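Encoded as structure tokens, the structure appears first; notes follow it.
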Amino acid sequence: MLAPLIKFLQALSNNTAPGQIAHGFALGMILGLLPKDNLLWSLLFVFFFFFRIQRGVFSLSVIIWALIAPLLDPYFDYIGCYILTYGSLQPLFRTLVNIPFVAFTGFNNSVVMGSFVCGICAYIPIYVLARLFVFVWRKYLAKYVRRLGFLTIVKQLPGISKVVELVEEYV
């Protein structure tokens, strides 16, 4: 968990393009919301690595959203059930189930369908918010974090000094 956090701080403070950071966070949100036990998750995981994204931010985002996703599963189930039982989509879903290996994606699971659709719908707002955060961090917040001296207080705790030195290097 510490390595993605350090890579995240590194990406915020160095010359990584804000778009790459925002895309990494938004794509990590899609994967983090999806249940991990299906072929769709594995295919998207491999597919997303062909994009130009900041991989440390992507990893941290997957972890963060995976911790939040169980709280949202009842809503994903409701949305997925609505989509899977929608009348005009029934022939499409029947055809997809009969195609070999497509059923392994888990698209016919209401939680998988609901979380995938919610992730796709939330992609643009999350991208915009992440890009705005990167701008605000680089322009205003990074200076104040350096001046706070918070790291010097935490550095005095036993066993934490090495970790703080790594974080301090990238803030």
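Yeah, the sequence shown ends on 191 if you go by this note's numbering, and it's all consecutive.
Every residue gets a Cβ at the ideal spot worked out from N, C-alpha and C, and that includes glycine.
Note that the coordinates shown come from a computational prediction; the quantities given were computed from them, not determined experimentally.
{"Query": "Mind checking which residues open and close the alpha helix (DSSP H) that includes Asp93?", "Result": "75-104"}
{"Query": "Pair every Cβ in the region 127-144 with every Cβ in the region 94-101, then say whether three or more of these pairs are closer than 8 Å.", "Result": "yes"}
{"Query": "Is DSSP giving Thr36 helix, strand or coil here?", "Result": "coil"}
{"Query": "What whole-angstrom Cβ distance do Gly4 and Gln74 have, given they're in contact under 8 Å?", "Result": "Nothing in the structure corresponds to residue 4, since the chain is present only between 21 and 191."}
{"Query": "Any contact between the region 46-58 and the region 152-165? By contact I mean 3 or more CB pairs, one from each, below 8 Å.", "Result": "no"}
{"Query": "Per DSSP, what kind of secondary structure is Pro145 in: helix, strand or coil?", "Result": "helix"}
{"Query": "Between Ile144 and Ala31, what straight-line distance do the alpha-carbon atoms span, to the nearest angstrom?", "Result": "20 Å"}
{"Query": "Please report how far the alpha carbon of Leu161 lies from the alpha carbon of Phe69, in whole angstroms.", "Result": "30 Å"}
{"Query": "Could you pull out every residue in the same chain whose Cβ sits closer than 6 Å to the Cβ of Tyr102, ignoring the five residues on either side in sequence?", "Result": "none"}
{"Query": "Hey, how far is the Cα of Leu60 from the Cα of Pro120?", "Result": "14 Å"}
{"Query": "So, with DSSP's three-state summary, where would you put Val122?", "Result": "coil"}
{"Query": "Please report the Cβ distance between Leu54 and Val132, rounded to the nearest whole angstrom; I am assuming they are in contact, meaning their Cβ atoms lie under 8 Å.", "Result": "7 Å"}
{"Query": "Of the choices Phe65, Ser62, Val77, Val165, whose alpha-carbon is the least far from that of Ile41?", "Result": "Val77"}
{"Query": "Run through DSSP, which three-state label would Phe70 get?", "Result": "coil"}
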